[in-house]
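As you go down the protein sequences, you meet chains W and D in turn.
Numbering-wise, the first sequence is residues 1 to 254 according to the numbering used here.
Numbering-wise, the second sequence is residues 1 to 211 according to the numbering used here.
One structure is given below, encoded as structure tokens.
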Amino acid sequence: MHHSYLDKYARRDSPMHRLNARTKLLLFTSLVVFVAAVPRPGLVVSAVLALSVFTFGAIAKIPISYLIIRSAVIIPFTGFAVLSFALTMTEGEMYWQWGPFALTSEGIGRSAYLLLRAWMAVSFMILLINTTPFNQLVNALRCFRIPSIFVLLLSFFYRYLYLLWDEAERMQRARNLRYFGGFWKKQAALIGNMVTSLFIKSYERAERAQLAMQSRGWDGRLRYARIESLRGADIFTLVISGAGIVILWVIQVL
Amino acid sequence: MHIPDGFLDTKTWLGMTLVSGGILAAVLRRIKHADIVRRIPIIGMTAALVFAAQMLNFPVAGGTSGHFMGGVFCCILLGPWTGFVTMSLVLTVQCLIFQDGGLTALGANIFNMGLIGSVGGFYLYGFFRLLIWGDRTRPAAYALASWTSIMLAAACAAFELSFSNTIELSIGMPAMLSAHAIIGIGEATITTTALMAIWRIKPEIMQIRKF
């Protein structure tokens with residue numbers, strides 16, 4: 001998977017993309033928080049949330065297949081947890097049992113909820129990053145009282161991220177050409193050598209960058225683009241989605 | 001061991017977010033008055049390096065693969081608290097761009113891997129160096145500290161998951177520890193090889209002032 005795949009749709013044009021970055025950050029963050037805060041969403045709430053993933057995707061013109069494939073990132077951790085969870089619950093109606101393992105209605109139900117929650121939260125995050133370019137996201141973070149030094153470091157980090165990523169990929173390709181496998185401990189040591197060479201290169205690059213910045217008279221602050229003010233569409237979206245979340249919460253509690 | 005959203009209950013993720021956010025804010029306030037202009041490029045670059053190094057997978061038994069965490073690596077090179085900020089940056093970007101680790105679980109992930117796994121690992125390294133003094137014990141201290149840091153981070157994650165009633169401690173703890181005991185060997189090998197090589201090639205990097 002190449003890195004351009006990660007936010008492939010971030011710079012398209014759609015009503016969703018045209019919204020202010022602050023609106024989208026607030027909207028998707030509150031949706032994720034809602035998903036994480038409701039312990040066991042009812043059928044109506046789950047259906048509305050799952051539907052909203054696809055609705056936002058459709059408005060932003062992001063293909064459903066892309067959303068599904070990208071959300072596979074949760075499989076390693078979630079799959080492991082859900083499996084161990086589904087196989088070890090003993091409450092509820094028993095379907096199958098073997099030694100310490102058992103498949104029960106309660107176990108299946110709770111692991112399905114867990115999977116659903118993890119999937120919905122990750123889908124909202126994928127929608128956020130695919131409708132908001134990262135520089136706008138960083139700019140929006142400044143409005144939410146994130147320490148300015150952290151935002152500064154974040155944008156500096158992002159600037160060099162893809163450069164070093166490409167370099168690491170090139171080194172890996174070169175290694176694969178020279179080396180076709182072998183004892184895995186040896187492979188780990190090889191990665192150690194690659195990390196060394198990457199670190200020394202990037203240390204020297206950081207020294208050069210710092211000297212260049214200081215000789216240009218950098219005083220420790222970054223100048224950002226002015227933050228755009230909220231427009232009618234932003235306020236409309238915020239009011240509608242805020243009301244929607246409150247209604248969902250009321251349905252859940254009742 | 002990046003915990004996704006939905007695995008921690010509200011009291012756990014809210015508590016962990018407050019703890020990690022508070023520590024991070026305190027550390028950032030201290031760095032601000034120190035030499036910010038001088039250190040920003042190297043912090044950003046090391047964070048990008050750790051992120052890139054995490055792309056390099058190595059095979060672990062059973063067809064799965066593990067990757068480098070790099071907590072002890074950047075704490076030893078940059079100093080414990082700068083290393084903590086670096087790891088927090090990496091985890092934040094992994095959560096935002098890569099969706100590796102959830103947004104609500106970010107506080108817990110920063111606590112596990114940034115604080116316990118990195119700063120904790122750094123002080124463990126200091127402790128191991130105290131036990132047997134001299135340059136000959138460097139590789140052993142690096143390896144022990146990075147392996148233990150992975151185990152500690154995994155144990156923390158298992159505690160958080162059981163505290164949220166997601167996975168029981170009696171199931172989660174052995175599963176997390178046994179998986180990470182193997183990943184930890186890879187981490188220890190990579191950290192030791194890389195740090196020893198840096199120490200051999202450019203010893204002046206290891207002697208810069210750290211905080």
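Backbone N, C-alpha and C define an ideal beta-carbon position, used for all residues, glycine too.
Model, not experiment: these values are computed from the prediction.
query, result
"Exposed unless 16 or more other CB atoms sit within 10 angstroms - verdict on W/Phe144", "exposed"
"C-beta contact flag for D/Met113 and D/Gly71 at 7 Å", "yes"
"Minimum Cβ-Cβ distance from W/Trp165 to chain D less than 7 Å", "yes"
"Same chain, Cβ closer than 8 Å to W/Ile245, five either side skipped, listed in chain order", "Ser30, Leu31, Phe34"
"W/Gly162 - DSSP class collapsed to helix/strand/coil", "For the sequence presented, residue 162 of chain W should be read as Tyr rather than Gly. It is helical."
"Contained alpha helix (DSSP H) runs [length at least 4] in the stretch 86–137 of chain W, N- to C-terminal order", "105–131"
"W/Phe134 burial status per 10 Å Cβ neighbour count (16 or more: buried)", "buried"
"Helix, strand or coil at D/His2 according to DSSP, with G and I counted as helix", "coil"
"8 Å contact criterion, which W/Val195 and D/Asp100 should meet: CB distance rounded", "Not quite, the Cβ-Cβ distance comes to about 19 Å (not below 8 Å), so this is no contact."
"Alpha-carbon spacing of W/Tyr158 relative to D/Val90, whole angstroms", "10 Å"
"Inter-residue CB distance, W/Phe101 and W/Leu87 (contact presumed, cutoff 8 Å)", "5 Å"
"Contact the stretch 21–30 of chain W vs the stretch 121–129 of chain W: 3+ CB pairs below 8 Å", "yes"
"Terminal residues of the alpha helix (DSSP H) in which W/Lys24 lies", "21–37"
"is_contact[D/Thr137, chain W] using C-beta, thresh 7 Å", "no"
"Amino acids of chain D, ordered along the chain, whose beta-carbon sits closer than 8 Å to that of W/Tyr160", "Gly44, Met45, Ala48"
"W/Ser84 and D/Ile185 closer than 7 Å at C-beta", "no"
"Neighbour list for W/Trp218 in chain D, Cβ cutoff strictly below 8 Å", "Val37"
"8 Å Cβ cut-off: residues of chain W touching D/Gly122", "In the sequence as displayed, the identity of residue 122 of chain D is Phe instead of Gly. By Cβ distance, chain W contributes nothing, its closest Cβ being about 17 Å from D/Phe122, past 8 Å."
"Environment of W/Ala81 [buried if 16+ CB atoms lie within 10 Å]", "buried"
"Per-residue contacts from D/Trp231 into chain W (C-beta, under 7 Å)", "Only positions 1 to 211 of chain D appear in this structure, which leaves residue 231 of chain D out of reach."
"Interface positions of the stretch 137–155 of chain W facing chain D (Cβ-Cβ less than 8 Å), listed along the chain", "Leu137, Pro147, Ile149, Phe150, Leu152, Leu153, Leu154"
"Cβ neighbours of W/Ser155 in the same chain (closer than 6 Å, five flanking residues each side left out)", "Val138"
"Near-chain D residues of the stretch 106–129 of chain W (beta-carbon distance less than 7 Å), N- to C-terminal order", "Leu114, Arg117, Ala118, Ala121, Val122, Met125, Ile126, Ile129"
"Beta-carbon gap between W/Trp165 and D/Ala194 smaller than 7 Å", "no"
"Beta carbon of W/Ala50 nearer than 7 Å to that of D/Asp5", "no"
"Within chain W, the residues that D/Leu91 reaches when beta carbons sit closer than 7 Å", "Under the 7 Å cutoff, chain W gives no residues; its nearest Cβ is about 12 Å from D/Leu91."
"Proximity test, D/Leu28 beta-carbon vs the ligand COA heavy atom, cut-off 6 Å", "Among the components of this structure there are no ligands whatsoever, and the ligand COA is therefore not found."
"Cβ neighbour criterion (16 or more within 10 Å) applied to D/Glu160", "buried"
"Of the listed residues D/Ile132, D/Asn109, D/Thr12, D/Glu204, nearest to D/Phe84 (C-alpha basis)", "D/Asn109"
"Any C-beta of chain W under 7 Å from that of D/Thr224", "Because chain D is modelled from 1 through 211, residue 224 of chain D falls outside the range shown and cannot be assessed."
"Cβ of D/Ile171 within 7 Å of any chain W Cβ", "yes"
"Residue-level contact to chain D via CB, W/Leu43, 7 Å cutoff", "no"
"Below-7 Å beta-carbon distance, W/Val195 vs any chain D residue", "yes"
"Contact with chain D by W/Phe157, beta-carbon distance below 7 Å", "yes"
"Inter-stretch contact (C-beta, 8 Å, three-pair minimum) for the stretch 36–44 of chain W and the stretch 110–117 of chain W", "yes"
"Supposed close pair W/Arg234, W/Leu19 - CB separation, criterion 8 Å", "Here residue 234 of chain W is Asp; the residue named in the question, Arg, does not match the sequence. 6 Å between Cβ atoms; contact."
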